[in-house]
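> Residue numbers (mature numbering (1 follows the signal peptide of the UniProt record, and there is no 0)): -30 to -1, 1 to 167.
Even glycine gets a Cβ: it sits at the ideal position worked out from N, Cα and C.
Everything numeric in this text was worked out from a predicted model, so none of it was measured.
A single structure is presented below for examination.
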Amino acid sequence: MSAQTLSNVRSRLRATVVAALLVAPLSAVMAVPLAGPAAAHGFKVGDLELAHPWARATPPGAKVGGGYVTIENTGGTADRLISATADVAGRTEIHEMAVTDGVMTMRPMNEGVEIPAHGEVALKPGGYHLMLMELKQPLKAGESFSGTLTFEKAGTVKVKFSVEPIGTTTPSEMAMPDGMTMDHGSDGMQMDHGNAQ
């Protein structure tokens, strides 16, 4: 091999190594998941973002449980949650709980629940929720189960529900990247999620 050819090979090799060193950090950054609640335990389908699907633990022998999730519609058209499933339940229905004149009522939402354009609906204890019926096993704190949510326009999305302790009214902590946690306690603190209009 001539000195000129050897010099060309070395130059190309150096250029390749430099390019690899420049591209490697960029590709590592691009592989990092996005931060925030959606990355912690969230799902997306169409214009809908579903934050932290969860359920309450149930006592042994219970045949029903509740499922909860916050659904944000970032699009300009309303959608509607029309059905749900849960691997741990024989049937799953969308219900609403309300208290009128001191009397608690619960009713199935046969037409589903509208998710307004640029709006948010929280399925939570004491309001809209998923009624997990004919439970196949008790729901145990710290475990999780799979399910689906089906929307009129956005379609069906597979989700994973985290099971929180009995009596929980909101998920106490959400898993964050790198082992960090976010306390959602009711100590008066507020967090700006960038939803201001």
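For V69 and V127, I'd like the C-alpha separation in whole angstroms.
Distance between the alpha carbons of V69 and V127: 31 angstroms.
> Among Q107, K123 and E66, which has the Cα closest to the Cα of G96?
Ranking the options by Cα distance to G96, first place goes to E66.
> Are the beta-carbon atoms belonging to G35 and T28 less than 7 angstroms from one another?
Cβ distance < 7 angstroms, so G35 and T28 count as in contact.
> Identify every run of the beta strand (DSSP E) within the region 59 to 106, keeping only runs that are complete inside it and at least 3 residues long; order them along the chain.
The qualifying runs are 59 to 70, 73 to 78, 83 to 85, 90 to 93 and 98 to 105.
> Could you tell me which of K94, L105 and V133 sits nearest to A111, measuring between CA atoms?
Taking only the C-alpha atoms, the option nearest A111 is V133.
> T140: which of P23, K130 and M103 sits nearest, CA to CA?
The shortest C-alpha separation from T140 is found at P23.
> Can you check whether the CB of A59 is closer than 7 angstroms to the CB of E122?
No, the Cβ-Cβ distance between E122 and A59 is not below 7 angstroms.
> So, at 8 angstroms on beta carbons, what are the nonlocal neighbours of V129 in its own chain, with the 5 sequence-adjacent residues on each side left out?
Around V129: F13, L20, P23, V39, S116, G117, T118 and L119.
> Relative to the C-alpha of P86, which candidate in D71, E42 and R61 has its C-alpha closest?
It is E42 whose Cα lies nearest to the Cα of P86.
> Only counting the same chain, and skipping five residues up and downstream in sequence, which positions put a Cβ closer than 6 angstroms to that of G46?
Contacts found: A87.
> Please state if the CB of L18 and the CB of A124 are separated by a distance shorter than 7 angstroms.
It is a contact, given that the beta carbons lie within the stated cut-off.
> Just tell me which of A25, H11, K94 and T75 has its CA closest to the CA of V83.
Of the candidates A25, H11, K94 and T75, the one whose C-alpha sits nearest the C-alpha of V83 is K94.
> In terms of DSSP beta bridges, what is E42 paired with?
Paired residues: E19 and E90.
> Taking the beta strand (DSSP E) that G117 belongs to, which residues open and close that run?
Element bounds for G117: S114 to F121.
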